[in-house]
Structure formats: structure tokens, C-alpha cells
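Step one of this worksheet: look at the structure below.
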Amino acid sequence: MIASATSSVALRATAFRGTARGLAPARAPPLAARRGASVVRASGIDPESLAILQQKLGQRIDVEGVGAESLNATAGKLLGADGRAIDKDERKKVLKADEAGQTALEISYDPEGLFPEVDETAASMLIDKKLRARELELEKKQEEEQKEEYEKAREELEAAREARVQPTTHAELVAYFFDTEFNEMEYEIVKQRPKLTDEFFAYLIEARNAASADEEEQGKLDALYKVTSEFVGFVDQTTRAMLSPLERLTKLLNAPDKRAMILEMVDKDELDLNLMALLKTNINTARQGGAEDAALFMEKIYKAAAKFVEGA
């Protein structure tokens, strides 16, 4: 099959060059001694046609017969633009020309220096800068949207709190707490703290022990008593802890002689971590509000008082 295909292509190549050489009837050629090669008769084949034939078939072709030696010498040679087999020197020239052509196709090829060199690092930094600016813009937009959503939810919550009818009796206060959502319970206990008196807790105990109270109602009253009494104790303790340092801090800041007042408070055991924490909070608040002078003034007092407070 290779021999017939080879003869056919050879015939076309001969016709293409306009030769009128007569071809002998084709016969099956012997297998080549080397694997991957074909053997054909040399009759009617010229070097250029052989080179074209090898290139089209993609394999080496050995010929035999008259002129076989010179034809086999052209195997593997490079073809020129006109299809003619070229020698080693011409091959080097062709390869050099190809390399020059490839260089000319490069974007940065500028032999005459008409275009300045591009600083790829600077360009990359500019791209990164623009991308970062876009990310910051998107983050700012998201923060604004979240803030708007928070403000809207906050307004709705405040409106719902204000819309509630405030209780005036112990029974109404019990019903008020039963209608309060769990996450609002602490807020409402603080808000209703003036009404959470000893009389109210006595009313809860009396209502719980009433004969008319069923098991479910008793459980609800027990839970209400536990939650309100425990949280009221926490609120009162926190209030006392904050009021005492506040009064002492006011006395310290208003004293004409700060050093003398610090020593006096040390003698009376009035300097503690609660007062120092409150003073530190005032320093941070002043600095955040832009009152740097006031922050520096309180920092001096803090440093002077911290010498007498362990852990400050």
C-alpha cells in the first residue's frame, strides 16, 4: 500500500514540474532494511520532487536504481521557499532568517528605539492600586448599607418599645413581662427597675401560691421571679460599683492640688481598680472626641495614681 501511494505522489510531483519522463509500470518494492522507511525506484524522480514527497509523507524514502546515491543524499534536507532542496550553508541562512522573523514578531521589538521601554513593575503596581481602590470603594459601600440597615432596625425597635403601654399595677407588670420577648427582657427589667420593689416580689409569691393558679401558671411565675430578682441584684450591684468610682473621680479631677488629693485618697483606701478603669475610659473617650489636651491632663493623673494601685 505504501509503494502504490508513493508512486502516485511521485507521479503528481513529476507532472507538477512539467516533465515528460515516462514511468515504468510500478511493482511492489522490497521492504526497507530500516523500520519506518520506504524504498522506491529512482526512475523519473529528481531531488526536489523527492524532498517534497518526503515532507508530505512525513517519513524518509530510500530510492534504488540509477541515480539512487545522489537522491538518497538529499534525504532530510531543508526545502527553500521555491521547494528546492538546499545545502548546509543555505540551511543556516534560512534558519537565521527565520529567527529574525520571529524576533520581529515580538511586541517589544524596537531596533530603532522609537518606543520607550515600559516599566512592567510600575504598570502592575498601578493595576493593583486601582483594584485596591475599587475594593475599598465596595467595602465602604457595604459598610454604608449595613449601617443603614442597622439604623433602620434600631428605629423600628425603638418605635416598638415606645409603642408599648406601660404598666401601672403589679398585675399589669406581670402581664407586661410575659409579653416581652426573651432578647428584650434585660432592657425591660432595667427600664422597669423602679417598679420592681419588695411589694412586687411579694405579689409574685402570693400569686404563685394562690389556689387558682394552675401548674403552668405557677411555673411561669417562678421563672419570672427568678429572672427579675437575680437581674435586679446584678443591676444594683453594677450601679453601685459605677457610681462610687464616678464620685471619687469627680472629687479627684476637681481638686486644686491633685497630688495632695491622691495621697488623701490613698489614706482613705479610695483608690482602686474600678476608679482607674473609669479614668482610663475617660481618657480614651476624650482622645476619640478630639480633646487631646484633656486626655493628656488625665493621663498625668492616671500615672500619678497608678503608683498606689496594684494591677493598674
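For the sequence shown, the residue numbers in the working numbering are 17 to 328. Quick reminder that beta carbons are idealized off the backbone N, C-alpha and C, glycines included.
Asked: Need the endpoints of the alpha helix (DSSP H) that Q336 sits in, please.; Found: Outside the shown range of the chain (17 to 328) lies residue 336, about which nothing can therefore be said.
Asked: From what residue to what residue does the alpha helix (DSSP H) around F7 run?; Found: There is simply no residue 7 to check, as the chain begins at 17 and stops at 328 in what is shown.
Asked: Starting from the Cα of A239, find the closest Cα among A218, F194 and E151 and give me that residue.; Found: F194
Asked: Report the residue from R264, I317 and K242 whose alpha carbon sits nearest the alpha carbon of F217.; Found: K242
Asked: Thinking C-alpha only, which one of E222, V325, I221 and E159 is nearest V282?; Found: V325
Asked: Cα-Cα, which of L130, L268 and E280 is closest to K316?; Found: L268
Asked: What distance in whole Å lies between the Cβ atoms of A227 and L237, which are believed to be in contact at a cut-off of 8 Å?; Found: The pair is not a contact, with the Cβ atoms about 14 Å apart (cut-off 8 Å).
Asked: Ordered along the chain, which non-local residues of its own chain (more than five positions away) have a Cβ less than 7 Å from that of E161?; Found: none
Asked: Looking only at C-alpha atoms, which of L152, F313, E280 and Y192 sits nearest to I299?; Found: F313
Asked: Out of M141, Q234, L279 and Y166, point me to the one whose CA is closest to K323's CA.; Found: L279
Asked: Give the range of the alpha helix (DSSP H) segment to which F193 is assigned.; Found: H186 to F194
Asked: Can you give me the C-alpha to C-alpha distance between E165 and L152, rounded to a whole angstrom?; Found: 20 Å
Asked: Helix, strand or coil for G327 per DSSP?; Found: coil
Asked: Considering Cα atoms alone, identify which of Q158, E204 and N199 is closest to R180.; Found: E204
Asked: Compare the Cα-Cα distances from K274 to each of A191, A320, A187 and P210 and report the closest residue.; Found: A320
Asked: Three-state secondary structure (DSSP) at S260?; Found: helix
Asked: Assign T301 to buried or exposed, taking buried as 16 or more other Cβ atoms, counted over all protein chains shown, within 10 Å of its Cβ.; Found: exposed
Asked: For V181, which three-state DSSP category applies?; Found: coil
Asked: Is P210 buried or exposed, if buried means 16 or more other CB atoms sit within 10 Å of its CB?; Found: exposed
Asked: When you compare only the Cα positions, how much space is there between H186 and V248?; Found: 16 Å
Asked: For A271, which residues from the same chain have a beta carbon less than 7 Å from its beta carbon, with the 5 sequence-adjacent residues on both sides left out?; Found: M277
Asked: Any beta carbon of chain B sitting closer than 9 Å to that of A223?; Found: Chain labels in this structure do not include chain B; a single protein chain is all it has.
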